[in-house]
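*Asks:*
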Amino acid sequence: MGADPASQRIGWVPAPRQGWVAPHIASEFPGLGVAWVEVDAKPGKSPESVRRRLRDLSDRTYGAQAIRLRERPIPWAYRVFFRQIGLDPDRTRTPVEQLTLDRLHDGGFRSNGMPRDALDIAIVETGVALRAFDAEGIKGRLCIRDSAPGESLAGMAGEMAKGTLAIADGKRPVGLLFGPTAEDLRVEKGTRRIAVAAVQVKGVPQIAVEEALWMAAATLEAG
Amino acid sequence: MDGRGDAGGGLTTIFRMPALLRQEGFADPGVAVDEREARLQLRRQIARLEAKLAGLFGEAFGHAEVPHRVDALAPAPRVLDLGELEEIRDRLADRVAEARGVLVERRRVEDENRELVERMLAAPRDFKWVRVSRQDLGLHGCGHWHSRPRLGPIGMLMGWWRVKISSGCPLAGRLAAVDREGQARPGEAGRGS
Numbered sequence: 102m103g104a105d106p107a108s109q110r111i112g113w114v115p116a117p118r119q120g121w122v123a124p125h126i127a128s129e130f131p132g133l134g135v136a137w138v139e140v141d142a143k144p145g146k147s148p149e150s151v152r153r154r155l156r157d158l159s160d161r162t163y164g165a166q167a168i169r170l171r172e173r174p175i176p177w178a179y180r181v182f183f184r185q186i187g188l189d190p191d192r193t194r195t196p197v198e199q200l201t202l203d204r205l206h207d208g209g210f211r212s213n214g215m216p217r218d219a220l221d222i223a224i225v226e227t228g229v230a231l232r233a234f235d236a237e238g239i240k241g242r243l244c245i246r247d248s249a250p251g252e253s254l255a256g257m258a259g260e261m262a263k264g265t266l267a268i269a270d271g272k273r274p275v276g277l278l279f280g281p282t283a284e285d286l287r288v289e290k291g292t293r294r295i296a297v298a299a300v301q302v303k304g305v306p307q308i309a310v311e312e313a314l315w316m317a318a319a320t321l322e323a324g
Numbered sequence: 561m562d563g564r565g566d567a568g569g570g571l572t573t574i575f576r577m578p579a580l581l582r583q584e585g586f587a588d589p590g591v592a593v594d595e596r597e598a599r600l601q602l603r604r605q606i607a608r609l610e611a612k613l614a615g616l617f618g619e620a621f622g623h624a625e626v627p628h629r630v631d632a633l634a635p636a637p638r639v640l641d642l643g644e645l646e647e648i649r650d651r652l653a654d655r656v657a658e659a660r661g662v663l664v665e666r667r668r669v670e671d672e673n674r675e676l677v678e679r680m681l682a683a684p685r686d687f688k689w690v691r692v693s694r695q696d697l698g699l700h701g702c703g704h705w706h707s708r709p710r711l712g713p714i715g716m717l718m719g720w721w722r723v724k725i726s727s728g729c730p731l732a733g734r735l736a737a738v739d740r741e742g743q744a745r746p747g748e749a750g751r752g753s
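Protein sequences, first through last, are from chains A and B. Residue numbering for the first sequence follows the working numbering, beginning at 102 and increasing consecutively. Residue numbering for the second sequence follows the working numbering, beginning at 561 and increasing consecutively.
1. Given that a residue counts as buried once 16 or more other Cβ atoms are within 10 Å of its Cβ, and exposed if not, what is Gln-301 of chain A?
2. Give me the subset of the stretch 211 to 237 of chain A whose CB atoms are less than 9 Å from a CB atom of chain B, sorted by chain position.
3. Using a threshold of 9 Å, state whether the C-beta atoms of Glu-172 of chain A and Thr-227 of chain A are closer than that.
4. Are the beta-carbon atoms of Leu-642 of chain B and Glu-595 of chain B separated by less than 9 Å?
5. Using only the alpha-carbon positions, how far apart do Ala-116 of chain A and Leu-314 of chain A sit?
6. For Cys-702 of chain B, is the classification buried or exposed, using 16 other Cβ atoms within 10 angstroms of its Cβ as the cut-off for buried?
7. Using the rule of at least 16 other Cβ atoms within 10 Å of the residue's Cβ for burial, across every protein chain shown, is His-206 of chain A buried or exposed?
8. Quick one: Cα of Val-138 of chain A to Cα of Ile-222 of chain A, how far?
9. So which residues of chain A does Leu-642 of chain B contact, with C-beta pairs closer than 7 Å?
10. Kindly indicate if chain B contains any beta-carbon less than 9 Å away from that of Glu-172 of chain A.
11. Answer yes or no: does any C-beta atom of chain B fall closer than 9 Å to that of Ala-262 of chain A?
12. Bridge partners for Gly-145 of chain A per DSSP, in chain order?
13. Taking only three categories from DSSP, how would you classify Phe-210 of chain A?
14. Please classify Pro-174 of chain A: does DSSP put it in a helix, a strand, or coil?
15. Within 9 Å (strictly less), CB to CB, does Pro-684 of chain B reach chain A?
16. Rounded to a whole number of angstroms, what is the C-alpha to C-alpha distance between Ala-178 of chain A and Phe-234 of chain A?
17. Verify whether the separation of the beta carbon atoms of Leu-243 of chain A and Val-135 of chain A is less than 9 Å.
18. So Ala-614 of chain B contacts chain A; which residues on that side make the cut at Cβ distance below 8 Å?
19. Whole angstroms are fine: how far does the CA of Ala-732 of chain B sit from the CA of Glu-741 of chain B?
20. Compute the Euclidean distance between the alpha carbons of Ile-186 of chain A and Arg-156 of chain A, then round it to the nearest angstrom.
21. Looking at the unbroken beta strand (DSSP E) that takes in Asp-631 of chain B, where does it start and where does it end?
22. With a Cβ-Cβ cutoff of 9 Å, do Ala-309 of chain A and Val-181 of chain A count as a contact?
23. What does the Cβ neighbour count give for Ser-707 of chain B, buried or exposed, with the cut at 16 atoms within 10 Å?
24. Taking Cβ positions only, does Ser-253 of chain A come closer than 9 Å to chain B?
25. Does the distance from the CB of Ile-295 of chain A to the CB of Val-122 of chain A come in under 9 Å?
26. Would Pro-627 of chain B count as contacting chain A if we go by Cβ distances under 9 Å?
27. Can you tell me whether Arg-564 of chain B is buried or exposed? The criterion is at least 16 other CB atoms within 10 Å of its CB, across all chains shown.
28. What residues from chain B crowd round Ile-186 of chain A, counting only those whose CB sits closer than 8 Å?
29. Less than 9 Å between the beta carbons of Val-297 of chain A and Pro-216 of chain A, yes or no?
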């Protein structure tokens, strides 16, 4: 997938692209969506500015906030969606809750290098669920759909159970919805272009999704 | 009366009932049931219950442990059917009811403790050595109300009782000193004071 033309960029960050949701899934889950941006960036150590931002974020995140997190609209929306798709949000944590718990456990947001730091900052600031893929492996538009019989996720043993909700590209599933990513699409040493995808659920405003994508992409580009 | 006629000799509908029950059309009335609408309704109920449970969890945290876990129904995310959504809704409703019960019970205990403190303050002699902490009243901090005699044994003999209100949490410096003392004398650690 090539770089976006300059006309499609907001400032120095590419404009988000909207994915699609299979119609029968969209009718079950109004408000479900996927959007993503692609950034020319390599994985690696985070610059000092990003690490400082993580430290600032750590100073702003307290235990009391963690307890009340699930009452805030966006984290609550993800918890509800987890329940609705059969997951237990106290076991399979929503991204923002997982990061907040890690912050309390570790005493601060640890730097894990790029692109994870960029995603962590955007997730904690906005509450929106983000994930990264190796953009060069994505064929066509991203979508959310249920798995077809016989489909499997690269790197995972066995076939996916029929009806499993997944993020897919034009050809195959690229990751389980709020689950593992296909092995060959993980961001690794050889990655040169990163796709940051946001999963939107009912109750998460579009502006929050755009802000999260913008924040993650800007941090990645700055790094 | 055999069910075929009423007192006036007229036929009743009961007479025709066996024939009606035999008709296949009765088992399948031919009305398409829109389960999707029911599923959407259940999802809305799940959302409301999750909000209530989150509120109760936050309210109880630090005071009481409320049951809030609802196990996953699926190992991987998928569209749940009507029965599964009902199960989650019911389990969430159970957790909300249990959490409310725990909080109500906790408030009752706190109210009782509040009354106890008032009675202690009014008549310390009637509550010898009784100690109520701030936590027992649902308050933050480390203070407590303790009914004890003035001037130690003399007060005990004379019946001079009072409620002593502690000054709060120990200072960090004092706690550190206790730690240092414990490290310096490991042989004495764990001995009662």
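Using N, Cα and C, we set each Cβ at its ideal position, and we do this for glycine too.
*Replies:* This is what the structure gives:
1. Sequence index remark: in the first sequence, residue 301 of chain A carries index 200 (1-based). That one is buried.
2. So the list is empty, because no residue satisfies the distance condition.
3. As a working mapping, residue 172 of chain A is identified with position 71 in the first sequence. As a working mapping, residue 227 of chain A is identified with position 126 in the first sequence. No, Cβ-Cβ distance for Glu-172 of chain A and Thr-227 of chain A is not below 9 Å.
4. Numbered from its first residue, the second sequence carries residue 642 of chain B at position 82. Numbered from its first residue, the second sequence carries residue 595 of chain B at position 35. Taking C-beta atoms as the reference points, Leu-642 of chain B and Glu-595 of chain B count as a pair closer than 9 Å.
5. One-based indexing of the first sequence puts residue 116 of chain A at position 15. One-based indexing of the first sequence puts residue 314 of chain A at position 213. In a straight line, the C-alpha of Ala-116 of chain A is about 9 Å away from that of Leu-314 of chain A.
6. As a first step, residue 702 of chain B is located in the second sequence; it is residue number 142 there, counting from the start. The residue is exposed, with fewer than 16 neighbouring Cβ atoms inside 10 Å.
7. The count along the first sequence starts at 1 and reaches residue 206 of chain A at position 105. That one is exposed.
8. As a first step, residue 138 of chain A is located in the first sequence; it is residue number 37 there, counting from the start. As a first step, residue 222 of chain A is located in the first sequence; it is residue number 121 there, counting from the start. Val-138 of chain A and Ile-222 of chain A have their C-alpha atoms spaced approximately 16 Å apart.
9. Counting from one through the second sequence, the residue named residue 642 of chain B turns up at place 82. Within chain A, no residue comes near Leu-642 of chain B; the closest Cβ sits about 12 Å away, beyond 7 Å.
10. Residue numbering aside, residue 172 of chain A sits at position 71 when the first sequence is read from its first letter. Taking a beta-carbon distance threshold of 9 Å, Glu-172 of chain A counts as an interface residue toward chain B.
11. Locating residue 262 of chain A in the first sequence gives position 161, counting from the first residue. Yes - at least one Cβ of chain B is within 9 Å of the one on Ala-262 of chain A.
12. For the purposes of this step, residue 145 of chain A is identified with residue 44 of the first sequence, where counting begins at 1. DSSP, once it has assigned bridges, lists A:Met-215 as partnering Gly-145 of chain A.
13. Within the first sequence, residue 210 of chain A is the residue found at index 109, counting from 1. Of the three classes helix, strand and coil, the one that applies to Phe-210 of chain A here is coil, per DSSP.
14. Residue 174 of chain A sits at position 73 when you count from the first residue of the first sequence. In the structure shown, Pro-174 of chain A sits in a helix (DSSP, three-state: H, G or I).
15. Stepping through the second sequence from its first residue, residue 684 of chain B is reached at position 124. No, Pro-684 of chain B lies away from the interface with chain A (no Cβ there is under 9 Å from its Cβ).
16. Against the first sequence, residue 178 of chain A aligns to sequence position 77. Against the first sequence, residue 234 of chain A aligns to sequence position 133. Using only the alpha carbons, I get a separation of about 24 Å.
17. Indexing the first sequence from 1 puts residue 243 of chain A at position 142. Indexing the first sequence from 1 puts residue 135 of chain A at position 34. The answer is yes: Cβ separation under 9 Å.
18. Working through the second sequence from its first residue, we reach residue 614 of chain B at position 54. What Ala-614 of chain B touches in chain A: Arg-171, Glu-172, Trp-177 and Arg-180.
19. Counted from its first residue, the second sequence places residue 741 of chain B at position 181. Counted from its first residue, the second sequence places residue 732 of chain B at position 172. Their backbone Cα atoms lie some 14 Å apart in a straight line.
20. Along the first sequence, read from residue 1 onward, the residue named residue 186 of chain A stands at position 85. Along the first sequence, read from residue 1 onward, the residue named residue 156 of chain A stands at position 55. As the crow flies, the alpha-carbon of Ile-186 of chain A is around 34 Å from that of Arg-156 of chain A.
21. Counting from one through the second sequence, the residue named residue 631 of chain B turns up at place 71. No beta strand (DSSP E) contains Asp-631 of chain B, which DSSP labels as neither H nor E.
22. Residue 309 of chain A sits at position 208 when you count from the first residue of the first sequence. Residue 181 of chain A sits at position 80 when you count from the first residue of the first sequence. For Ala-309 of chain A and Val-181 of chain A, no; Cβs fall outside 9 Å.
23. By 1-based counting over the second sequence, the position of residue 707 of chain B is 147. It is buried - the Cβ of Ser-707 of chain B has at least 16 other Cβ atoms within 10 Å.
24. The residue you call residue 253 of chain A lines up with position 152 of the first sequence. Output row for Ser-253 of chain A: interface = no.
25. Mapped onto the first sequence, residue 295 of chain A falls at position 194. Mapped onto the first sequence, residue 122 of chain A falls at position 21. Their beta carbons are not under 9 Å apart, which means Ile-295 of chain A does not touch Val-122 of chain A by this criterion.
26. The residue labelled residue 627 of chain B in the question sits at position 67 within the second sequence. Taking Cβ atoms only, chain A never reaches closer than 9 Å to Pro-627 of chain B, which makes this a no.
27. Position 4 of the second sequence, counted from the start, is the residue given in the question as residue 564 of chain B. Here the model assigns Arg-564 of chain B a pLDDT of 44, short of 50, so the residue's position is not dependable and the matter cannot be decided.
28. The sequence position of residue 186 of chain A within the first sequence is 85, counting from 1. Those within 8 Å of Ile-186 of chain A in chain B are Ala-634, Pro-637, Arg-638, Val-639 and Leu-640.
29. Looking up residue 297 of chain A in the first sequence gives position 196. Looking up residue 216 of chain A in the first sequence gives position 115. Taking 9 Å as the Cβ cut-off, Val-297 of chain A and Pro-216 of chain A qualify as a contacting pair.
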